[in-house]
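J.: The C-terminal residue of the sequence shown carries number 1521 in the numbering used here, and the numbering is unbroken.
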Amino acid sequence: MRKQIVIGIVSLAAAITLSACASDEKETSSNESMDMNNTTEDSMDMDHSNMDMSGSGEVPEGLKVAENPTFVVGSQAIIELDHMEGMKGAEATIVGAYDTTVYTVSYTPTTGGERVENHKWVIHEELEGVGEEPLEPGTEVIINAGHMNGMDGATAIIDTAKETTVYMIGFTSTNGEVVTNHKWVTESELSAK
């Protein structure tokens, strides 16, 4: 009996150790799969290698649900953007649709490192203390979103601004990674299934 208890404890410890190793390996693989694939003009200046493709599903306070989105919540669409490996051509499920102003921004991460140019997308409600009116390109802002390491709290310059519907989506990337509550894609980056 005592021998069985010892074997059980050793087996449990081995299982915990192996699962921790598998988790680290999965995280490394996941990070590698998010490396930038710079094949389009739109993506040339963006580095999403530190982007957390999955999100919590929480939305910023004041974000308005879209009244008549092209893609309704629960519907499927095809992702047309290719600035992150495994996204283009993947089938997305629409988790949320919101009307807002969407920005591309350039900033230096709070964690140091190279400046991020033309990051897509940050929405108006993710900017600190900006009021309700859309901002113009060239405006300096503080980002209140953690889409990428070093983004939250960073000072940014708005590169472009556009009023549109943005979507939160879930999808399985073309390389097999399951992504939940990804923020944000615009209507022009989706097509009907």
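Every residue, glycine too, gets a C-beta built ideally from N, C-alpha and C. The structure displayed is predicted, hence computed values, not measured ones.
Which residue comes first and which comes last in the beta strand (DSSP E) that contains M1427?
T.: As written in the sequence, residue 1427 is Asp, which differs from the Met given in the question. Counting along the chain, the beta strand (DSSP E) containing D1427 begins and ends at E1419 to Y1435.
J.: Can you tell me whether T1367 is buried or exposed? The criterion is at least 16 other CB atoms within 10 Å of its CB, across all chains shown.
T.: With a pLDDT of 31 at T1367, under the threshold of 50, the modelled position of that residue is not reliable, and no figure is offered here.
J.: Hey, A1425 and P1462: beta-carbon distance below 9 Å or not?
T.: Cβ atoms of A1425 and P1462: not closer than 9 Å.
J.: Kindly indicate which residue of V1494, W1449 and T1432 has the alpha-carbon position closest to the one of E1395.
T.: Of the candidates V1494, W1449 and T1432, the one whose C-alpha sits nearest the C-alpha of E1395 is V1494.
J.: DSSP on E1461, reduced to helix/strand/coil?
T.: If DSSP states are grouped into helix, strand and coil, E1461 belongs with coil.
J.: Alpha carbon to alpha carbon, how far is D1410 from G1459? Give it in angstroms, no decimals.
T.: Between G1459 and D1410, the C-alpha separation is close to 32 Å.
J.: Nearest to V1506 by alpha carbon, out of G1498, E1445 and G1390?
T.: Comparing Cα positions, the closest option is G1498.
J.: Measuring CA to CA, which of V1400, T1429, K1448 and A1473 is closest to T1492?
T.: With distances taken between Cα atoms, T1492 lies closest to T1429.
J.: Looking at C-alpha atoms only, which residue of T1436, H1510 and A1473 is the closest neighbour of I1485?
T.: Closest by alpha carbon: T1436.
J.: Could you please give the first and the last residue of the uninterrupted beta strand (DSSP E) stretch that includes V1400?
T.: Element bounds for V1400: n/a, residue is neither H nor E.
J.: Going by DSSP, what residues sit across from G1498 in a beta bridge?
T.: Answer by DSSP bridge pairing, in chain order: T1421.
J.: Report the rounded CA-to-CA distance for I1471 versus V1444, giving the unit in angstroms.
T.: Roughly 13 Å separates the two Cα atoms.
J.: So what does E1456 bridge to, in DSSP terms?
T.: For E1456, which the question treats as bridged, DSSP gives no partner whatsoever.
J.: For A1473, which residues of its own chain have a beta-carbon under 7 Å away from its beta-carbon, when the five flanking residues on both sides are left out?
T.: Closer than 7 Å at the Cβ level, and outside the excluded window around A1473, lie V1450, E1454, M1479 and D1480.
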